[in-house]
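Just so you know, we're using our numbering here: the sequence shown kicks off at 1 and counts up by one.
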Amino acid sequence: MEFVSHFFAGAFLCNFIPHLAAGLQGQFFPTPFARLHGSRDSSPVVNVLWGSFNLAAGIALLTSSPIGLEPGAPLVVFSLGFLGLGVFSAWHFNKVMGHKRG
1 MEFVSHFFAG AFLCNFIPHL AAGLQGQFFP TPFARLHGSR DSSPVVNVLW GSFNLAAGIA
61 LLTSSPIGLE PGAPLVVFSL GFLGLGVFSA WHFNKVMGHK RG
């Protein structure tokens, strides 16, 4: 069960970055709350709230199941969650933003 917590902690902590950054810059960015689930933009305020939720969830998971920075399975699983969501998000949002650019 710890590995599941580590994986999702990585995913949540990866996901908070673009939403919080977009919201703090006053930019619209897709969230799951927009129409068509991530294909339409949400307001900067929604992005700040969604990014903050993701940050809190990631921290809560790491608090309940801490990992160290030494090489080992917990760090690998955390990294897989972070990179997995990061690569998926890059692919997905490139596709979504590409439609908006032209």
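Glycine included, each C-beta is placed from N, C-alpha and C at the ideal position.
| Buried versus exposed call for residue 64 [16 or more other C-beta atoms within 10 Å across all chains shown] | By the neighbour-count rule (16 or more Cβ atoms within 10 Å), residue 64 is not buried but exposed.
| said: With a threshold of 8 Å, are at least 3 pairs of Cβ atoms found where one atom belongs to the segment 4-12 and the other to the segment 56-74? | reply: Here the segment 4-12 makes contact with the segment 56-74; the two share three or more CB pairs at distances below 8 Å.
| Rounded distance between the beta-carbons of residue 42 and residue 29, thought under 8 Å | Rounded, the Cβ-Cβ distance is 7 Å, consistent with contact.
| task | Compute the Euclidean distance between the alpha carbons of residue 45 and residue 51, then round it to the nearest angstrom. | result | Their Cα atoms are separated by approximately 10 Å.
| Span of the alpha helix (DSSP H), counted from its first residue to its last, around residue 21 | Going by DSSP, residue 21 is part of the alpha helix (DSSP H) stretching over 2-24.
| field | Nearest to residue 98 (by Cα), restricted to the options 40, 74, 83 and 66 | value | With distances taken between Cα atoms, residue 98 lies closest to 40.
| task | Measure the CB-CB distance between residue 78 and residue 6 and report whether it falls below 8 Å. | result | Yes.
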